[in-house]
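Respectively, the protein sequence lines represent chains A and B.
Under this note's numbering, residues 160 to 462 are what the first sequence spells out, in order.
Under this note's numbering, residues 2 to 656 are what the second sequence spells out, in order.
For every residue, glycine included, the Cβ atom is placed at its ideal position computed from N, Cα and C.
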Amino acid sequence: MINSLILLIISIIFSPFFSGLILKVKAFFAGKKGPPVLIHYYTLIKLFKKGSVYSKSTTYIFKLAPIVTLGVSITSLMFFPFSGYKSVFAFEGDIIMILYLFGTARFFTILAALDTASPFEGMGAAREAYFAIFAEASLFMILIFFSLLNKSLSFSDILLGENAMSLWKASGVSILFIIISLFMILLVENTRVPIDDPATHLELTMIHEVMILDHSGPDLALIELGASFKLLFYSSFITCLVFPFKFQSQLLNVLCFFIILSLVYMFIGIVESVIARYKMDKIPKFILSSFALAVFATIFIWR
Amino acid sequence: MGLFYFSIYLFLIGGFLPIFLYKRFSLMKISGIVFISAGCLLSMIGAFLNLINSLNSSIAFKYFHNFSIAFKMDALSAFFTITICLICLLASIYSFHYLNHPEKSFRTAVSYFFYSFLVLSMIGVVNSDNILTFAFAWEMMSLTSLFLVIYEYEEKDTSIAGYLYFIFTHSGAMFIFASFGIIYSLTGNFDFKNLSNLSNIAQITIFVLAFIGFGAKAGVFPLHVWLPYAHPAAPSHVSAVMSGVMIKTGIYGILRIYFLLDTNIYVFGYIALIAGILSGVLGVVYALGQHDLKRLLAYHSVENIGIILIGLGIGMIGLANKNFSMAVLGFSGGLLHVLNHSIFKSLLFMGAGVVLQKSGSRSIEQLGGLMKPMKITGTTFLIGAVAISGLPPLNGFVSEFLIYFGSFKGLFIDNSAFVLSILAILSLSIIGGLALACFTKVVGIVFLGEPRSEKALKVMDENGITLKIPMIILSLFCFLIGIMPKYFAMLSFKVLSSFGIFLGANSSHYTKCLDLMNNISIMAFIFIIILLIIVEIRNLIYKGKQIGKKETWGCGFTKPTPKIQYTASSYAFSILEFYKPVAEIKQSSIKITDLFPKQVHFHSQVLDIAERLIISAIVKPILMILDKQRWIQHGDIHLYIGYILLAIIVLLFFV
């Protein structure tokens, strides 16, 4: 318990660093020097120091949304078993509840966007709601897969229990499918490049970034923190599936976990550098292909 | 049971007194409300005591020798009675400030009369012990609710809605009575007796007929067509009662008939599950396309009936396969969703009623920014919206969680159960996503942003204490069930364990479920504690900081108007376009052609596939055939007497 709590805190503290890795990789591909790896810490500190400006149209929901998104992300991390340690909390079915908690966060983010009465933010909100429907179906298809293979619906059981998932066992092929599918969902849910580009200059083409246009100062920092925790959650999930080994030494385990984790982040960076953004109407097809992968994987292991 | 019968007299007084007092408007309303709510409270307590002590109280008396009236309150009846009384109690309190037109005093008095009889007949429906009593109470319920719907009968839409409701509810009753007729002809008595020794075909026929009839009342796709007409037309407290509890009597009927039959027959579960999936997904898709607030909520009833049926279907499949953990999870999830849906749906209808009363508009596109003048309505509506989207930590999530869990158990049974469970899980997740989209649309467009029209702009207050109290109580219930679901799940376990079929389920199945409920509580508490910590930290950070107030950033555009905001139609458009095969969007607009364009307009409407199918496949052929028979009705009285004579002579051959 103490160990896992310490590990949780370490992961939380390091998560902006990992996001910085993505930027470094992208800069490398573009032949630039890129921002420092610690750029996200600087941004957070800068934002926390500032005050805020609120739109006259907004109500308390606008201030509530960053709190809820951050709260959801932290809660979800508490149920995640980092690098072979049991998670801080675990119970049968926690995975369903976490997926739904992400829904709660999305609900409030969308409301905060509509709260500003800005047409841009309304547009982003509509897209977020639209794509989330497919992403959720895809995630539940992945859950069905886990439940069939593992007979459990808890993160700790799926990743650590007797029948722990592993790429290196008999059903490895289908797990490979699941990892690819999960990675596609990661790109969707965390506003990564083929779906959404946080760095674009035109609000009309954004999804998530346009929804938080009017947030400023510490509120924006809370949102950024929540987003980086969510990315940490998804990438650690993939890391645990790719790398289920256990060494004798705990230290070695933790070290390997973080190395693989940063490799996953770097891979995100590579994907962002080599793939161009999709047109909006192509995105549902992208998400549905991740759904199809999960369905195929389930058919492989069934009977 | 004594408490319960005493309440009947209270309902009768609450029904008749307002008619005599109609000249004094406020006194009339108070007299009606006090007696009706006292009756609700008493029968709720009576039913609650019955349920927790596992009593079966019954009463029967004969009427005209062979017409026997019998009531019996077992656990299932008690559960539904509690739900009915809770909602009817709060809705009657709500009506005090909602029905505020002294010039319509007599009409209001009459509506209290019908209201009290509606409550009484609903309680009668769920407590009746034989077919005749059931049929009597059922008809009374249908008729009293019809008169409540046509409160504003002089408006054309309302009278059409009332007519449609009348037709649907009675064609549904026809199917129910057909199934009762089969029961009577095969068993020879009117009691709700065990029918499991009948032949399979007879049982399936009984179930299908009853399912169609009760489904028409509950609003199962494609028999839901009356809901989106009747709910907007009715006064809001009546919509709250009708959508919150009256349609649940359909669910009660399905359950009652199901438990009389042989639960080993697989088909029952398949029918319920597939009907549930269809109404769940399509209900929410159509809801997304609506511009009328109350019509949208009506379609959400279709969706939630779908979720309930998915739960019951999972339970039935579990029972047929003797998998008790799946059965317990499915049935208790479905039952708990009956309670949950009645709570948040009536909360939402009450909120919509306040919006309607203060702004005079039901159209979502005309509203906006109502959170500022209506803090309590807005907040409680938001709570209801989070709850109905099935999001933790509120109550909608709890029942969906149970149903999810039951469906995951079904993956391991056999091929057909595997496929159906996958369908159930996926459709639940899609329903969840669509409901989230739909309710962010409602809350975001109606309560947030800037007012989109004069009507929304003129809303200044939300006065009327009796409007707010019921909504606050209901939203507290949403939290209570969401955070401590254990005690409410125990109620549904009580119901299940009262049925003989569940004898095979030992206590470990229930304790496992209770563990799940405890886990939900733990997680909800963790989440709330983390939220509170973040709020504290945020307050610390903001201490002494500069807070500015400016206009929304317009991307360089300096003259923003409320008209440039995203509308409900544009918000939902891309989602609806994906579902085009089942939800066709009809658009009409005037294109801008000249240099100096005249006034333009744009209208879009989502067409309900069920409505079109019913019109083209049922209504039109029937009309065509009947049109050809018009010569029978010629208006000549001599020939009519001839008809009577002929009928008697023909009958003489048969009798």
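Please confirm whether residue i has its beta-carbon closer than 7 angstroms to some beta-carbon of chain B.
i, result
"Ile254/A", "no"
"Ser174/A", "no"
"Gly320/A", "no"
"Ser163/A", "no"
"Val347/A", "no"
"Tyr393/A", "no"
"Tyr213/A", "yes"
"Pro377/A", "yes"
"Thr234/A", "yes"
"Ala383/A", "The sequence given here places Glu at residue 383/A; Ala does not occur at that position. Answer no: the Cβ-Cβ gap between Glu383/A and chain B never drops below 7 angstroms."
"Glu362/A", "yes"
Look at the Cβ atom of residue i, then the Cβ atom of residue j, and state whether they are nearer than 7 angstroms.
i, j, result
"Ile181/A", "Gly376/A", "no"
"Leu22/B", "Ser38/B", "no"
"Leu273/A", "Gly445/B", "yes"
"Ile220/A", "Leu270/A", "yes"
"Phe303/B", "Ile431/B", "What sits at residue 303/B in the sequence shown is Val, not Phe. Not a contact, by the Cβ cut-off of 7 angstroms."
"Asp134/A", "Ile366/A", "The question about residue 134/A has no answer here: the residues shown for chain A are numbered 160 through 462."
"His604/B", "Ser617/B", "no"
"Gly334/B", "Ser400/B", "yes"
"Ile85/B", "Val339/B", "no"
"Ser313/A", "Asp253/A", "yes"
"Ile365/B", "Val496/B", "no"
"Leu614/B", "Lys587/B", "no"
"Ser106/B", "His238/B", "no"
"Leu4/B", "Gly40/B", "no"
"His199/A", "Ser178/A", "yes"
Any Cβ of chain A within less than 7 angstroms of the Cβ of residue i?
i, result
"Met372/B", "yes"
"Glu304/B", "no"
"Ile423/B", "yes"
"Gly316/B", "no"
"Pro393/B", "yes"
"Ser430/B", "yes"
"Leu427/B", "yes"
"Tyr6/B", "no"
"Phe398/B", "yes"
"Tyr405/B", "yes"
"Leu274/B", "no"
"Lys359/B", "no"
"Gln367/B", "no"
"Lys410/B", "no"
Heavy atom of the ligand SAH less than 6 angstroms from the Cβ of residue i, yes or no?
i, result
"Pro598/B", "As presented, the structure is devoid of all ligands, the ligand SAH included, so that no description of it is given."
With three or more C-beta pairs closer than 8 angstroms as the rule, is the segment 115–127 of chain B touching the segment 136–143 of chain B? yes
For the pair the segment 289–309 of chain A and the segment 400–413 of chain B, tell me if three or more CB-CB distances fall below 8 angstroms. yes
Extract the residue ranges of the alpha helix (DSSP H) inside the segment 107–167 of chain B, only unbroken runs of 4 or more that lie entirely within it. 132–150
Length-filtered (4 minimum) alpha helix (DSSP H) runs lying within the segment 496–572 of chain B: 508–543
Report the residues of the segment 511–536 of chain B with a CB closer than 8 angstroms to any CB of chain A, ordered along the chain. Asp516, Leu517, Asn520, Ile521, Ile523, Met524, Ile527, Phe528, Ile531, Leu532, Ile535 and Val536
Beta strand (DSSP E) runs wholly inside the segment 164–228 of chain A, at least 3 long, in chain order: 211–214
The segment 264–275 of chain A: positions lying closer than 7 angstroms to chain B by Cβ: Arg265, Phe266, Ile269, Leu270, Leu273, Asp274 and Thr275
Mind listing, in chain order, the continuous alpha helix (DSSP H) runs of no fewer than 4 residues lying wholly within the segment 341–423 of chain A? 367–370 and 376–401
When Cβ atoms are compared, which residues of the segment 549–560 of chain B fall closer than 8 angstroms to chain A? Gly549, Lys550, Lys551, Glu552, Thr553, Trp554, Gly555 and Cys556
Using 8 angstroms as the threshold, is the segment 274–294 of chain B in touch with the segment 246–253 of chain B, meaning 3 or more CB pairs across them? no
The segment 336–354 of chain B / the segment 374–384 of chain B touching (three or more Cβ pairs under 8 angstroms): yes
So, do the segment 579–588 of chain B and the segment 240–256 of chain A have three or more beta carbon pairs nearer to each other than 8 angstroms? no
Are the segment 2–14 of chain B and the segment 116–125 of chain B touching by the rule of at least three beta carbon pairs closer than 8 angstroms? yes
Could you check whether the segment 367–380 of chain B touches the segment 462–470 of chain B, counting it as contact only if at least three pairs of C-beta atoms, one from each stretch, sit closer than 8 angstroms? yes
Near-chain A residues of the segment 565–585 of chain B (beta-carbon distance less than 9 angstroms), N- to C-terminal order: Ile565, Gln566, Tyr567, Thr568, Ser571, Tyr572, Ala573, Phe574, Ser575, Ile576 and Phe579
Using Cβ-Cβ distances below 9 angstroms, what residues of the segment 309–336 of chain B are close to chain A? none
Residues of the segment 435–468 of chain B with a CB closer than 9 angstroms to any CB of chain A: list them in chain order, please. Leu435, Leu437, Ala438, Cys439, Phe440, Thr441, Lys442, Val444, Gly445, Ile446, Phe448, Leu449, Gly450 and Glu451
Okay, do the segment 382–399 of chain A and the segment 228–236 of chain A touch, 3+ Cβ pairs below 8 angstroms being the bar? yes
Report the start-end ranges of each alpha helix (DSSP H) in the segment 250–327 of chain B that is 4 residues or longer and not cut off at the edges. 267–289 and 294–321
Along the segment 477–508 of chain B, where does the CB come closer than 9 angstroms to a CB of chain A? Name the residues. none
With three or more C-beta pairs closer than 8 angstroms as the rule, is the segment 263–274 of chain B touching the segment 307–320 of chain B? yes
In chain order, what are the residue ranges of uninterrupted alpha helix (DSSP H) at least 4 long that sit wholly in the segment 565–609 of chain B? 569–579
Using a Cβ cut-off of 8 angstroms, which residues of the segment 15–40 of chain B contact any Cβ in chain A, in chain order? none
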